[in-house]
Amino acid sequence: MLARKFMATTAALIIGGAAWAQDQSIIVQSTTSTANSGLYDYLLPIFQEETGIQVNVVAVGTGQAIRNAENCDGDVLLVHAKPSEEKFVSAGFGTERTDLMYNDFVIVGPAADPAGVGGMNDVQGALAKIAETGVLFASRGDDSGTHKKEMALWADSGVDPTAASGAWYREIGSGMGATLNAGIGMGAYVMTDRATWISFGNKQDYAITVQGDEDMFNQYGVIPVNPAKCPSVNVDAAQTFADWLVSDEGQDAIAAYTVADQQLFFPNAPD
Amino acid sequence: MQSIADALGLAAKLVLSGDPDLFEIVLLSLQVSLTATVIACLVGFPVGALVAISRFRGRNAVLIVMNALMGLPPVVVGLLVYLHLSRSGPLGFLGLLYTPTAMIIAQIILIAPIIAALSQQVIEDLHSEYSEQFRSLCLTRVQTVQALLWDARYSLLTVGLAGFGRAVAEVGAVIIVGGNIDHLTRVMTTAIALETSKGDLALALALGIVLLVIALGVNAAVHSVRMTAARQAYV
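If you want it as structure tokens, here you go:
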């Protein structure tokens, strides 16, 4: 009796599990900053109400998002590493890349500012100074968009931080939030996108120390996955979503999203 | 310490306010992990019992492998299941990636070895007590397994709970194959990981406390079933 009830419950659970899948839905392989900052929580209900399309977001680092999309495990790619995105499209995995919005990267550090880089707006100079003083610097170290950008800036500054990996240069190998938690825990400087920083809840005594260099520009792009490579793609819904994001309405919605009265993302899709 | 006090208050507030999002996440956690546990038990109990009563060449190797698989890292299980269920993988046509079903599959793989290995130990101890009696009754292997499983049912409940505990607490596998998608595949552990990465440590800890309370509830429920059944058996 008890055994039969148990079996019935199990069967019900399995059938229930299969019925959860939704018809008009797409998967967006996304960078974490857009998800962690709450942007999707704001945008997606507006989009869904208009189109009836359910958007499921898988938020991982840009590198992993691109690899997942190359495995056809997504319908739309929304990331921030332009060279990698262009490679993704030219390899035939995406149909077309469109500029979507931007914000900027900043370097945050402890209030005491042990490297003395506070207020600098020359990011390469600031990085070189951190390296010189040997104050801890926590890197994503995970091939994400932020990590790629950071490595490019190090290269410009003429320092090879990986030579000091494990010493003052700490490669966390995690997402932005986990890297901030770890960096703040060890008193290290961390490079982060501004959106994640503004909405981050565990700032402690940390503040933005370096900002304003035009080299710290952070461009986001949107790419529908190519059905020629991935027949499983929900083409129409994916295109509808990408089109909506770059439409006047989508762009206005992105601009309207604020945290603590600060705009996090600045729409810049071409007309 | 301040944040722990905050977290306790927040946990109470979350539960008492009947937050529908929290309810949804809790329900999915239970659905996924209980389903995985039941299926893993259906596989693991008979396998464990069969190994316990059988003597064959390579038995020791089987035991070692079974015991070693108890330590399967969830991330590795998640990756293996991802590679199979990915659209570009051999089972991609099923379209199961990023569904609760994928999470159930990963958890079954994770805990079936635990359940098999632990039940093997339980049954082997019991079998050494009864083996002569079984031989005198000329029971077949299947009958022996059935009799032993039934006799060990209360100990096996604990084995099942060990499997459930591992399933409901792991994050590495479900976050890869489920994707932590809001309202679709977000469970307690992936929600905790997300809130931690947002730096909302109090909320993360509060969710952790809720998860602990749920685990406590499941264990209490199983315990009371066991007590009731035991009482009836000795009337």
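So the sequences go chain by chain: U and Y. For the first sequence, the numbering used here gives the first residue as 959, with consecutive numbering after it. For the second sequence, the numbering used here gives the first residue as 2, with consecutive numbering after it. We put the CB at the ideal spot given by N, CA and C, even for glycine.
Check                                                                                                                                                                            : Outcome
Going along the chain, which unbroken runs of the alpha helix (DSSP H) with 4 or more residues stay wholly within the stretch 64-105 of chain Y?                                 : 75-86
From this set, Y/83, Y/168, Y/225 and Y/138, which residue's C-alpha is nearest residue 212 of chain Y's C-alpha?                                                                : Y/168
Taking 8 Å as the limit between beta carbons, can you name the residues of its chain near residue 1074 of chain U, skipping five residues before and five after?                 : 1087 and 1091
Whose C-beta lies closer than 8 Å to the C-beta of residue 1215 of chain U among residues of the same chain, with five residues either side of it excluded?                      : 996, 997, 1000, 1001, 1221, 1222 and 1223
CA-CA distance, residue 101 of chain Y and residue 154 of chain Y?                                                                                                               : 29 Å
Would DSSP call residue 985 of chain U helix, strand or coil?                                                                                                                    : strand
Classify residue 1077 of chain U: buried if its beta carbon has 16 or more other beta carbons within 10 angstroms, exposed otherwise.                                            : exposed
Going by beta carbon distance, what residues of the same chain come within less than 8 Å of residue 1026 of chain U, once the five residues before and after it are set aside?   : 987, 1016, 1018 and 1032
Need the endpoints of the alpha helix (DSSP H) that residue 35 of chain Y sits in, please.                                                                                       : 21-54
Check the Cβ of residue 109 of chain Y against every Cβ in chain U and list those closer than 9 Å, keeping chain order.                                                          : Chain U residues near residue 109 of chain Y: none, gap ~11 Å exceeds 9 Å.
Residue 235 of chain Y: buried (16+ other C-beta within 10 angstroms of its C-beta) or exposed?                                                                                  : exposed
Helix, strand or coil, according to DSSP, for residue 1108 of chain U in the structure here?                                                                                     : helix
Which residues, in chain order, does the stretch 186-216 of chain Y contribute to contact with chain U at a C-beta distance below 9 Å?                                           : 186, 194, 195, 196, 197, 198, 199, 200, 201, 202, 203 and 204
Could you tell me the distance, in whole angstroms, from the CA atom of residue 1046 of chain U to the CA atom of residue 1163 of chain U?                                       : 40 Å
Checking the sheet assignment: what are the DSSP bridge partners for residue 1095 of chain U?                                                                                    : U/1127 and U/1147
Does DSSP classify residue 1165 of chain U as helix, strand or coil?                                                                                                             : strand
Do residue 1064 of chain U and residue 1168 of chain U have their C-beta atoms closer together than 8 Å?                                                                         : yes
Could you tell me the boundaries of the alpha helix (DSSP H) in which residue 1212 of chain U lies?                                                                              : 1206-1214
Let's test the definition: count the other Cβ atoms within 10 Å of the Cβ of residue 1121 of chain U and tell me whether it reaches 16, buried, or not, exposed.                 : exposed
Could you please give the first and the last residue of the uninterrupted alpha helix (DSSP H) stretch that includes residue 205 of chain Y?                                     : 202-234
Leaving out the 5 sequence neighbours to the left and right, which residues in its chain are closer than 8 Å to residue 1144 of chain U when beta-carbon positions are compared? : 1094, 1096 and 1128
Establish whether the CB of residue 116 of chain Y and some CB of chain U are separated by less than 8 Å.                                                                        : no
May I ask you to report which of helix, strand or coil DSSP gives residue 1185 of chain U?                                                                                       : coil
Could you pull out every residue in the same chain whose Cβ sits closer than 7 Å to the Cβ of residue 115 of chain Y, ignoring the five residues on either side in sequence?     : 71, 163, 164 and 167
Indicate the three-state DSSP secondary structure (helix, strand or coil) for residue 1229 of chain U in the structure shown.                                                    : coil
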